[in-house]
Amino acid sequence: MTTSVQPKQRNLCLRLLRERKLPKSACAKSLIRAFAALFDAGVIRWSKAGGGQQLVVADETGYERWFMQHFPAGVIPDTDSSQIRAVAQFRNAKALRSNLPEIVCLRSTRDGGLRRNGDVVETTHSTLQNGLFAFSLTRQCPFRLRGACALIENLAVFHSFETLALEPTLAIWTAGVSSNRFIEWLAACVHEDVEILHLPDYDPVGLSEFLRLSERLGGAVSLHLPDNLETLFRCYSKRSLLADTKNQRMLMELRRAQHPSVRRVIALMDEFNGGLEHEAMFIKQEATQGCTCVITGHEDDSNEH
Numbered sequence: 484m485t486t487s488v489q490p491k492q493r494n495l496c497l498r499l500l501r502e503r504k505l506p507k508s509a510c511a512k513s514l515i516r517a518f519a520a521l522f523d524a525g526v527i528r529w530s531k532a533g534g535g536q537q538l539v540v541a542d543e544t545g546y547e548r549w550f551m552q553h554f555p556a557g558v559i560p561d562t563d564s565s566q567i568r569a570v571a572q573f574r575n576a577k578a579l580r581s582n583l584p585e586i587v588c589l590r591s592t593r594d595g596g597l598r599r600n601g602d603v604v605e606t607t608h609s610t611l612q613n614g615l616f617a618f619s620l621t622r623q624c625p626f627r628l629r630g631a632c633a634l635i636e637n638l639a640v641f642h643s644f645e646t647l648a649l650e651p652t653l654a655i656w657t658a659g660v661s662s663n664r665f666i667e668w669l670a671a672c673v674h675e676d677v678e679i680l681h682l683p684d685y686d687p688v689g690l691s692e693f694l695r696l697s698e699r700l701g702g703a704v705s706l707h708l709p710d711n712l713e714t715l716f717r718c719y720s721k722r723s724l725l726a727d728t729k730n731q732r733m734l735m736e737l738r739r740a741q742h743p744s745v746r747r748v749i750a751l752m753d754e755f756n757g758g759l760e761h762e763a764m765f766i767k768q769e770a771t772q773g774c775t776c777v778i779t780g781h782e783d784d785s786n787e788h
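Numbering of the sequence shown is given in this note's numbering, commencing with residue 484 and proceeding in unit increments.
As structure tokens, this is what we get:
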């Protein structure tokens, strides 16, 4: 239960600053909790108003000081950026949902996987010259995928995806959980005959993200399951990927999933009591031969993704 004033309550707080009163019907319980210190200090109080009550300011200087501490009183900038407006209104760039375009980063080994207004984009040259190709995902985005595409969660896998010799010749770095905007863009691409291979970590977060993609994109998206997945789990699975409360809750939800790929990975998680980070795919086959150990996690997990 939060007891601090919320950004969404700014307009009511501003109204109280200007009018010095608010009808009780306009004061949600969360706002009253946020005003607890003001009530205790006698800055505001309840007062009779007709047949009901209203909130009134008893100490105008004290309330103005409190308002300025939480909400800057400066003029809101004339800008389309929600984050700039959030700082101006709330001193918090994350107080409003971001409306800025996302940056989509991709690598390719062959051109043709990305089109701009129907024309082939030379993504491979940019990959060779600069390590990647990037574009802004705007509302009216001119870019569309073609053919097979890989979605890769981890940066190390993204930088070396071509060494995996996968069917897709184009890979996009997702850095974890994708935004709704990005998934809707993928859905628009799928209508144009695009197939997507998802490469997340084999843990509750990665599998939940795959199911989220599957619900929106249907059979156009598949989970990457290498032939030696069981061996990789046996050698490099990590118990701490399943340990925290949030992941345990997600794992309970995943057990109800009917998708065969998810069920296979869940079975491996149960068998080896751990998840698997996707970087394990780069460990050469001979290094895993005869491996019977189970990696349980390091003392210092400061480099978690």
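Ideal placement from N, C-alpha and C gives every residue a C-beta, glycine not left out.
Residue i versus residue j - alpha carbon distance
i      : j      : result
Leu712 : Tyr719 : 10 Å
Lys767 : His681 : 21 Å
Gly701 : Glu760 : 25 Å
Ala603 : Tyr685 : Checking the sequence shown, residue 603 turns out to be Val, not Ala. Each residue's alpha carbon lies about 34 Å from the other.
Val677 : Arg699 : 14 Å
Leu724 : Asn730 : 7 Å
Leu696 : Arg516 : 39 Å
Ala631 : Gly595 : 10 Å
Pro506 : Arg574 : 27 Å
Val748 : Leu669 : 24 Å
Thr592 : Phe616 : 12 Å
Trp549 : Ser661 : 38 Å
Trp656 : Ile635 : 5 Å
Ala520 : Arg732 : 36 Å
Leu499 : Val540 : 8 Å
Leu706 : Arg598 : 24 Å
Arg739 : Asp753 : 14 Å
Phe641 : Gly545 : 55 Å
Lys874 : Ala633 : With the chain represented from 484 up to 788, any question about residue 874 goes unanswered, as that position is not in the structure.
Phe716 : Phe554 : 51 Å
Leu647 : Pro709 : 10 Å
Lys491 : Val526 : 22 Å
Ile586 : Leu694 : 23 Å
Leu751 : Cys510 : 52 Å
Gln566 : Ser581 : 6 Å
Arg533 : Phe522 : The amino acid at residue 533 is misidentified as Arg; the sequence shows Gly. One C-alpha to the other measures close to 22 Å.
Glu675 : Leu649 : 21 Å
Arg528 : Arg664 : 45 Å
Pro651 : Thr610 : 15 Å
Leu620 : Thr607 : 19 Å
Ala639 : Gly757 : 21 Å
Glu436 : Val745 : Because the chain is modelled from 484 through 788, residue 436 falls outside the range shown and cannot be assessed.
His781 : Ala654 : In this prediction, His781 scores a pLDDT of 45, lower than 50, which makes its location untrustworthy; the coordinate-derived value is nonetheless stated afterwards. Approximately 30 Å, taken between the alpha carbons.
Gln623 : Ala524 : 52 Å
Asp542 : Leu579 : 30 Å
Ala569 : Phe755 : 46 Å
Ala572 : Ser508 : Checking the sequence shown, residue 572 turns out to be Gln, not Ala. So the alpha carbons of these two residues sit roughly 25 Å apart.
Neighbour-count burial assignment, residue i, 16 or more Cβ in a 10 Å radius
i      : result
Leu737 : buried
Phe765 : exposed
Lys721 : buried
Gly601 : exposed
Pro683 : buried
Asn613 : exposed
Ser691 : buried
Leu538 : buried
Pro584 : exposed
Leu734 : buried
Gly535 : exposed
Asp784 : Bear in mind that a pLDDT of 49 at Asp784, under 50, signals an unreliable position, so the number given afterwards is only what the model happens to contain. Classification for Asp784: exposed.
Arg501 : exposed
Gly659 : exposed
One or two residues paired with residue i in a DSSP bridge
i      : result
Cys632 : Ile679
Pro506 : Gln537
Val587 : Phe618
Ala532 : Gly535
Asp602 : Arg599
Phe626 : Arg599
Ala654 : Arg590 and Ala633
Ile527 : Val540
Lys721 : Gly758
Closer than 8 Å to chain C by CB, residue i
i      : result
Ile679 : Here there is only one protein chain, and chain C is not present.
Span of the beta strand (DSSP E), counted from its first residue to its last, around residue i
i      : result
Arg574 : Arg574 -> no beta strand (DSSP E), and no H or E assigned at all.
Val704 : Val704 to Leu706
Residue range of the unbroken alpha helix (DSSP H) whose run includes residue i
i      : result
Ile515 : Lys512 to Ala517
Met795 : Nothing about residue 795 can be read from this structure; the chain reaches only from 484 to 788.
Phe693 : Pro687 to Leu700
Leu734 : Thr728 to Leu737
Glu667 : Asn663 to Val673
Val640 : Leu638 to His642
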